[in-house]
Amino acid sequence: MDRILDAVMVSPHSEAVKRGMVRRVLESAPQPLDSAQCRAMYEVSTKLFLLGDSEFERDVGREVLEAFAQHHSQEFEQFFNMRFVLNLLHVGYGPLEKRSHQIFHYIQTGLRFVADSPSSLDLFHLLQIEVLRIVCERPGPKLCARVSKLLSLYPQCIPSGNLQTVFCQQLILSISHFQCKSDGDDEILKFLENVTKASGMLQGVWRNNVAAILPSLKELFIVISSPGEGGSVPSNALASVVQYVPLELMDAVVRNLTNDKNISDAQMLTAISRMVDWLSWPLTRNIDKWIIALMKGVAAVNKFRILIEVTLMKIEQVFSKLFYPVVREGAVSVLSYMLLSFQQSPEAFHLLLPQIPQLILSITREESDSGRDFLVQLAQLIHCLIFRFTGFPDIYEPVLGALKDLPVPSENRIKQLLGQNAWATQKSDLASYCHRVPAKNDTGKTGLVNLGNTCYMNSVIQALFMASDFRHRVLHLTQCDALSLMMKLQSLFAFLERSQRPTISPESFLTASCPPWFNPGAQQDCSEYLRYLLDRLHEEEKTNSNTIQNLRCLSIAGGIENSESTGRTLIQKMFGGKMVTRIRCLHCENISRREEVFTDLSLALPPPRTSLSGSFIIDPVQPVVEEIGPSSQIPTSKPQRQAPQSPSNDKKPLKQEELSVCVVPVETIGSMEQTMPYYSNECPLGNSMSAVTSDEQTHGTEACRSITDLINYFLSPEMLTGENKYHCQKCSTLRDAEKVVEVTEGPHYLILTLLRFSFDIGTMRRRKISDNVSIPLVLKLPVRVSSREQGCNSAGNLEPKPGGSAYESLTYDLCSVVVHSGVSSESGHYYCYAREYVGSGFEKHSKGSTGAPAAANQTAAESQWFLFNDTRVSYSSFESVTNVTTYFPKDTAYVMFYRKRPSHQTESESEFISASENLYREEPLPKHLSEAITKDNMMYLQEQERAARYRAASSSAMAASPVWLRRQRGDGGVGHRNQEIQSLHCP
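Number 986 marks the last residue of the sequence shown (numbering that gives the first Met the number 0); no jumps.
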């Protein structure tokens, strides 16, 4: 019969004829045969089964083998013995290699007919050993899938006893080597299917032997936490293993790992990073749960550096998975945990901002219910983070524009999410761990590290640094060893100007300049800090007379000293102004006068429906002046002309014809028109707004006041009546009176502080007034002219300037704006808009100076605005400054720096202009500062070299993107591939 079968298969007949002949052979199987005939039939059928040239021949061999083995089982048991099976597994069969999947198919078929025979125990024991040996030889996914099928049909082949644990560990090692070497759809699907079958063998073992799970997971952790051999990375196919670990073991496993002193931080970092890579593995359950659990375990033992490293290194990779529906669910869980727990710095969130609009557009195009649900979840997450990290209008604008059609979560919901996901300890010193600062960008500016709610200080320092004249004087002070705070400020300015680092830490300056009543780590008022800092610097210089003399000489050399300013401190010269407060008794017409020195004007917001038509300045004829007290020499006094907080206290200006007053309005030059509210359909986000330059006065409305309105309100008369009557010394009793403030000397830098915080009796907290206030680029401030500047007539009275006014307008140019983002003074964030404004040569270059090219370069530099936000420094514009509150209602201008423009050319101003032009040249610093900066720059370059080597080593160990996610996001094949992957069934 064997010869007949052999002849049929080699005959030239058609397959149909051959199939008919084979049927006759199969029908003869029940007939009695001797041992030799049976063996011959087994050999022929085995040959066809294993070596057949076609599927038809292999099927014939299998059918004949099964038919004769069924009817001649004893003879088949003798043929299918241990030696024969061992030879197949060690040598193969003829040209067929020992690892051929056909051999395992053959063995699987043969076991059906000997499973119940007496010799099966020895055969199964042999197969247990051989299966373990095969797994130790690192088989590929196809062979592992065949072994998996064998074990699923015949569990007796699974290694027993302690060998089960070894088998699981070796199988994990084998899976770690799996790689898909093709990017064809069919091959990818087959690869995923084979991997699923291979990892399913672990499930079979763990289901019956729970004790093997923990040793297996230990081996898994060793694999993913160790450097790969030859730079190789463990396969993401290991992700398929995790789904079979019972979740009830998660807490114990994580606790053992995070408390194991033999596991280093580097190993834990590597392990978590590679587990994050597993998020690209499709359809595997619980990966996100294990990643989050392990990160929480690390947080529980206060190893925050590991979490920060993982988050900054992997956050963008996790985000990229959101583009693919097949892995989106697990990726968004891990992304949400990373972002909501990483609350000590906005760095991780900001890494994703450029990609968010693209993701929203991509998912919107999916037009699926799951996609729409995900967008709602994503919008909630983003709004939480914008709420947590306020004060970045330049980078939040496009993101909010992309989210405008999605629901906004309530503030309570936002606070709930931020509270329940934060790490147990959000210490301020965690900020020092966030070392991944980008290289110094093309702005050339240096950022400041936030040392734990120190944005109030950082914004003030950057505003002072960008006050070019002040910075120039500070940097070139010499022999100021006695001025400890000024020395630290000089050092800080020097590093900001010359350091090659993108950011520097102001820790030393914070320690020296922080007011003693400020609580470390708590948010503070930047205007309060600014006044304290200027007061300290002034008092320090004032109490060191020898140093003052040295500074005076240097200032004369700089070109800003004149006979009036002799003996004044640097703070007085730069920020000191003078004002006179006049109070006129309405009964006796007596006018009392008091002069004050100020470094900033605190401007109240007028009550609603307050009419502001201009500043009414008392200008009496032959007044009776009464000195109330001596002039203050401390420049940090805070003349706050508080506005009445209710309409009942509105001031009533005296009529001009009755009191001989002249109207001197504060003028605005070059303000920006306010745009329509954010999200308005008529004003799409991103439209550019044109500048409006006008010499006419700009008046604010109730909806939007302007800085000029606030100054006019500050300078307008105030009626002192009722409980607020004035005690007239001439009348010796309380009288109704009118009080008015006049500026008599404009400071070089005019600092304006808006009184945005009022005390709320109901909540017992300082409430923020978030009214929008427009900011002019240039304003003219009325200043009362002294007798020397006006001249006197023969009677000794003041002679008004031409036009009948005893006032002149000083022109001020906006230099910087400190913005508060938040809802109260105890919370929120500060950042600063500023420009490098010198303002020299405004008139000189306009008269056809030969230095026109230099003037053009200087003008371009002065028109460039920057946004200083702690470590982040970016280009900005005046348009952004004026519209920040329109787009972000919680972000309001708080402190402004204006620089006085020279009004006429005097000898001293000519020297001053020359000194100002030198600000664009890099002049030598004091030797000790120059050496310190040079040394630090060399250290920074060395750090960069080490970081580059580390990144190179890390990149070589990074897992490549899986082939099923490598296609472009717009590829139409991705959706089809995702559907096919989802059709796979996990065992």
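Virtual Cβ for every residue (Gly too), placed ideally from N, Cα, C.
Output needed for residue i: all residues of its chain with C-beta closer than 6 Å, excluding positions within five of it in sequence on either side, in chain order.
{"i": "R284", "result": "Q242"}
{"i": "L4", "result": "V24, V43"}
{"i": "R500", "result": "Y939"}
{"i": "A28", "result": "A66, F67, H70"}
{"i": "L754", "result": "S601, A603"}
{"i": "Y92", "result": "L49"}
{"i": "A378", "result": "L402, L405"}
{"i": "D649", "result": "Caution applies to D649, whose pLDDT of 38 falls short of 50 and renders its modelled position unreliable; the value that the coordinates give is listed next. The answer is none, since no qualifying residue turns up."}
To which residues does DSSP link residue i through a beta bridge?
{"i": "A736", "result": "C584, L719"}
{"i": "Y323", "result": "The partner list for Y323 (beta bridge, DSSP) is empty, contrary to what the question assumes."}
{"i": "E26", "result": "Per DSSP, none; premise fails for E26."}
{"i": "M312", "result": "Answer is none; M312 lacks a bridge partner."}
{"i": "S815", "result": "A833, F896"}
{"i": "C703", "result": "N771"}
{"i": "G576", "result": "F597"}
{"i": "T502", "result": "G446"}
{"i": "W864", "result": "R834, S875"}
{"i": "F517", "result": "DSSP, once it has assigned bridges, lists no residue as partnering F517."}
{"i": "L95", "result": "Y92"}
{"i": "E744", "result": "K577"}
{"i": "F756", "result": "K767"}
{"i": "H828", "result": "S820"}
{"i": "L602", "result": "L753"}
At what residues does the alpha helix (DSSP H) containing residue i begin and finish?
{"i": "V375", "result": "368-387"}
{"i": "T752", "result": "Premise fails: T752 lies in the beta strand (DSSP E), 748-753, not in any alpha helix (DSSP H)."}
{"i": "F341", "result": "Counting along the chain, F341 falls outside any alpha helix (DSSP H), and DSSP gives it neither H nor E."}
{"i": "R111", "result": "Here R111 belongs to no alpha helix (DSSP H), and DSSP marks it neither H nor E."}
{"i": "Y153", "result": "Element bounds for Y153: n/a, residue is neither H nor E."}
{"i": "Y528", "result": "525-541"}
{"i": "C37", "result": "34-50"}
{"i": "V7", "result": "1-9"}
{"i": "I291", "result": "286-299"}
{"i": "H70", "result": "54-70"}
{"i": "G566", "result": "Neither: G566 is in no alpha helix (DSSP H) and is coded neither H nor E."}
{"i": "I359", "result": "355-365"}
{"i": "G418", "result": "410-420"}
{"i": "V252", "result": "249-257"}
Identify the continuous beta strand (DSSP E) that holds residue i and give its terminal residues.
{"i": "P397", "result": "Looking at the DSSP string, P397 is not in any beta strand (DSSP E); the run it does join, the alpha helix (DSSP H), is 392-401."}
{"i": "C730", "result": "Careful: C730 lies outside any beta strand (DSSP E) and carries neither H nor E."}
Please work out which residues of its chain come closer than 7 Å, Cβ to Cβ, to residue i, disregarding the five sequence neighbours upstream and downstream, and give them in chain order.
{"i": "P397", "result": "P356"}
{"i": "L152", "result": "Q107"}
{"i": "K189", "result": "none"}
{"i": "G795", "result": "Residue confidence for G795 is low, a pLDDT of 38 falling below 50, so the modelled location carries little weight; the figure read from the coordinates is stated next. Nothing meets the Cβ criterion."}
{"i": "F220", "result": "L256, A270"}
{"i": "R329", "result": "One point to set straight first is that residue 329 is Gly, not Arg, in the sequence displayed. Once the five neighbours on either side are set aside, the close Cβ partners of G329 are L278, I286, D287."}
{"i": "F348", "result": "L338, L384, F388"}
{"i": "Q523", "result": "Y455, F517"}
{"i": "N261", "result": "none"}
Here's a check: name, in chain order, each residue in its chain whose Cβ is nearer than 8 Å to the Cβ of residue i, leaving out the five neighbours to either side.
{"i": "G296", "result": "V253, R254, L256, T257"}
{"i": "T45", "result": "G60, L64, Y92, Y105"}
Any chance the CB of residue i is under 6 Å from a heavy atom of the ligand ADP?
{"i": "L866", "result": "Here there are no bound small molecules, and the ligand ADP is not part of this structure."}
Next on the checklist: Give the list of continuous alpha helix (DSSP H) stretches no shorter than 4 residues that lie fully inside the stretch 119-147.
Outcome noted: DSSP runs (the alpha helix (DSSP H)) wholly in the stretch 119-147: 119-135.
Checklist entry - Are the stretch 589-596 and the stretch 478-496 in contact at 8 Å, needing three or more beta carbon pairs? => result No contact exists between the stretch 589-596 and the stretch 478-496.
Item to check | Those runs of the alpha helix (DSSP H) which lie wholly inside the stretch 869-898 and span at least 4 residues | outcome: The qualifying runs are 877-886.
Checklist entry - Fully enclosed by the stretch 180-244, which alpha helix (DSSP H) runs are 4 residues long or longer? => result With a minimum length of 4 residues, the continuous alpha helix (DSSP H) runs that stay inside the stretch 180-244 are 184-207, 212-224, 238-241.
Next on the checklist: Does the stretch 99-115 come into contact with the stretch 66-79, if we say contact requires no fewer than three beta-carbon pairs (one atom in each stretch) closer than 8 Å?
Outcome noted: Using a Cβ-Cβ distance cut-off of 8 Å, the stretch 99-115 and the stretch 66-79 are in contact, since at least three pairs of beta carbons, one from each stretch, lie closer than that value.
Next on the checklist: Under 8 Å: do the stretch 926-938 and the stretch 828-837 share three or more Cβ pairs, one atom per stretch?
Outcome noted: The way I'd put it, the stretch 926-938 doesn't touch the stretch 828-837; fewer than three beta-carbon pairs between them come closer than 8 Å.
Checklist entry - Along the chain, which unbroken stretches of the alpha helix (DSSP H) at least 4 residues long are found entirely within the stretch 444-470? => result Within the stretch 444-470, the alpha helix (DSSP H) runs of at least 4 residues that lie entirely inside it are, in chain order, 454-464.
Checklist entry - Is the stretch 455-471 in contact with the stretch 500-514, if contact means three or more CB pairs nearer than 8 Å? => result Yes, the stretch 455-471 touches the stretch 500-514.
Next on the checklist: Under 8 Å, with one C-beta from each stretch per pair, do the stretch 880-895 and the stretch 440-451 reach the 3-pair mark?
Outcome noted: Contact between the stretch 880-895 and the stretch 440-451 is absent, because fewer than three Cβ pairs lie under 8 Å.
Next on the checklist: With a threshold of 8 Å, are at least 3 pairs of Cβ atoms found where one atom belongs to the stretch 242-251 and the other to the stretch 171-182?
Outcome noted: Output reads no: the stretch 171-182 does not touch the stretch 242-251.
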